[in-house]
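Peer 1:
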Ligand SMILES: Nc1ncnc2c1ncn2[C@@H]1O[C@H](COP(=O)(O)OP(=O)(O)OP(=O)(O)O)[C@@H](O)[C@H]1O
Ligand SMILES: [Mg+2]
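Residue numbers (the numbering used here): 90 to 429.
1. Residues in its own chain within less than 7 Å of residue 247 by CB, not counting five upstream and five downstream?
2. Going by the beta-carbon positions, is the gap between residue 177 and residue 243 smaller than 7 Å?
3. If you measure from the CB of residue 329, is any heavy atom of ligand 1 nearer than 6 Å?
4. Given residue 291, which residues of its chain have a CB within under 7 Å of its CB, disregarding the five upstream and five downstream residues?
5. Would residue 394 be called buried (16 or more neighbouring beta carbons within 10 Å of its own) or exposed?
6. Compare the C-beta of residue 261 with all C-beta atoms of chain B and state if any pair is closer than 7 Å.
7. Pairing CB atoms from the segment 378-392 with CB atoms from the segment 295-306, are three or more of them under 8 Å?
8. Would you call residue 286 buried or exposed, if buried means 16 or more other Cβ atoms sit within 10 Å of its Cβ?
9. Put residue 209 into one of helix, strand or coil per three-state DSSP.
10. Just the C-alpha distance for residue 249 and residue 204, rounded to the nearest angstrom, thanks.
11. Any idea what DSSP makes of residue 255, helix, strand or coil?
12. Taking DSSP's pairing of strands, which residues face residue 171 in a bridge?
13. Is residue 152 near ligand 2 - that is, is its Cβ less than 6 Å away from at least one heavy atom of it?
14. Is any non-hydrogen atom of ligand 1 found closer than 6 Å to the C-beta of residue 296, if you look at the structure I gave you?
15. In chain order, which continuous runs of the alpha helix (DSSP H) of length 4 or greater are located wholly inside the segment 348-407?
16. Under 7 Å between the Cβ atoms of residue 324 and residue 152?
17. What residue range does the alpha helix (DSSP H) around residue 185 cover?
18. Kindly examine ligand 1 and report whether one of its heavy atoms sits closer than 6 Å to the Cβ of residue 287.
19. Who does residue 414 pair with in a DSSP beta bridge?
20. Please go through the same chain and pick out, in chain order, the residues whose beta-carbon is closer than 7 Å to the beta-carbon of residue 273, but skip the five residues on each side of it.
21. So, are the CB atoms of residue 319 and residue 294 less than 7 Å apart?
22. What is the rounded straight-line gap between the Cα of residue 353 and the Cα of residue 144?
23. Leaving out five residues on either side along the sequence, give the residues of the same chain with a beta carbon under 6 Å from the beta carbon of residue 90.
24. Say the cut is 6 Å; is the CB of residue 147 nearer than that to a heavy atom of ligand 1?
25. Could you tell me if residue 372 is buried or exposed, where buried requires 16 or more neighbouring beta carbons within 10 angstroms of its beta carbon?
26. Quick one: does the C-beta of residue 263 sit closer than 6 Å to a heavy atom of ligand 1?
27. Any heavy atom of ligand 1 closer than 6 Å to the CB of residue 198?
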């Protein structure tokens, strides 16, 4: 007999797994959120917010934290206009300023027949009249330090032309590319730099457990399955998407919970490969060894360093190995040994 009829589902709310879902609470990002709040604070007192450069590798919560904060600003302050712009979509000076125009004035400017300086005047004279503070987040902003670097300059120099105008820019990027920008852009931008480090294995697991609690019915996925997904995924975004796929496969099978075969199918792995990386790592730990040297020995199975390090963290969590960071001169290297 089939457990799940066609209209039965393991999802309480499928939207919880969408890419643009903004969770109410961000785990493990207290320090970064505090820094963003510090940048915002002057605006709450009617003064200019600080500029910020938000950097970190993929799926570390950069976009989500800014969106969370902007949501709060919209709910709590009418003096600040927060505008989020993805610079991969709005990828020219004109498109970015048209989007700002749309939000500040409530309608889009004509697509032709208006000069950049007219556009600039319309936006900033409207803001000056309304006495509003402008806070613009420019996401995926690498091009702003090269081809489109006048965007930052033009937003931030607006106070020179319009009295009493207060605006700040928060750039979101995977790497700090400020060195590519003109001196005049660097000087006017002078941001607070906020860094987002990759999540640890344990943190990814807890975020997935929380997401499952919000989006799935009880017991639709076990903690063990979540740990396997975290271990196999290359980042948090991939882990969330993989969990959704595994649950959809379980649904398609008309069972009440995700099984190992669903996860294997998502990651295209055979059962016999299960824990193979763990076994090879343990077999190479007859003596303590540096993480970089150990990676060279197991690279052919691990394929990438993130997956390798995540497996180490998992082994440490289950008290099978010890990971001891080595002195700073050696960067982020660690000494790995068996826990006896
Ligand atoms: N601390 C967190 N708690 C809960 N969910 C999180 C957290 N951090 C990230 N996420 C989720 O992970 C996914 C990726 O996050 P986000 O898009 O913010 O990453 P990003 O750093 O902007 O990545 P990219 O550089 O690729 O744009 C989103 O689905 C988001 O909801
Ligand atoms: Mg992002």
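We treat Cβ as the ideally placed atom computed from N, Cα and C, and that holds for glycine.
Note that the structure is predicted; figures quoted are calculated from it, not measured.
Peer 2: Taking the structure as given:
1. Sequence-distant partners of residue 247 (beyond 5 residues in either direction) whose C-beta falls short of 7 Å from its own C-beta, in its chain, are 213, 254, 256.
2. no
3. Yes - ligand 1 has a heavy atom lying nearer than 6 Å to the Cβ of residue 329.
4. Cβ-Cβ distances below 7 Å link residue 291 to 402, 406 in the same chain, with the five nearest sequence neighbours on each side left out; the list follows chain order.
5. exposed
6. Checking the listed chains, one finds no chain B in this structure; it contains a single protein chain.
7. no
8. exposed
9. The answer is helix: DSSP assigns residue 209 an H, G or I state.
10. 20 Å
11. strand
12. 224
13. yes
14. Yes, ligand 1 has a heavy atom inside 6 Å of this Cβ.
15. Taken in chain order, the complete alpha helix (DSSP H) segments of 4 or more residues contained in the segment 348-407 are 349-356, 365-372, 380-391, 394-406.
16. no
17. Residue 185: member of the alpha helix (DSSP H) spanning 182-194, first to last residue.
18. no
19. Among the bridge pairs identified by DSSP, residue 414 is matched with 423.
20. 242
21. The Cβ atoms of residue 319 and residue 294 lie closer than 7 Å to each other.
22. 33 Å
23. The pLDDT assigned to residue 90 is 43, lower than 50, so where the model puts this residue is not dependable, and the model offers no usable value.
24. Answer for residue 147: yes, Cβ within range of ligand 1.
25. exposed
26. yes
27. no
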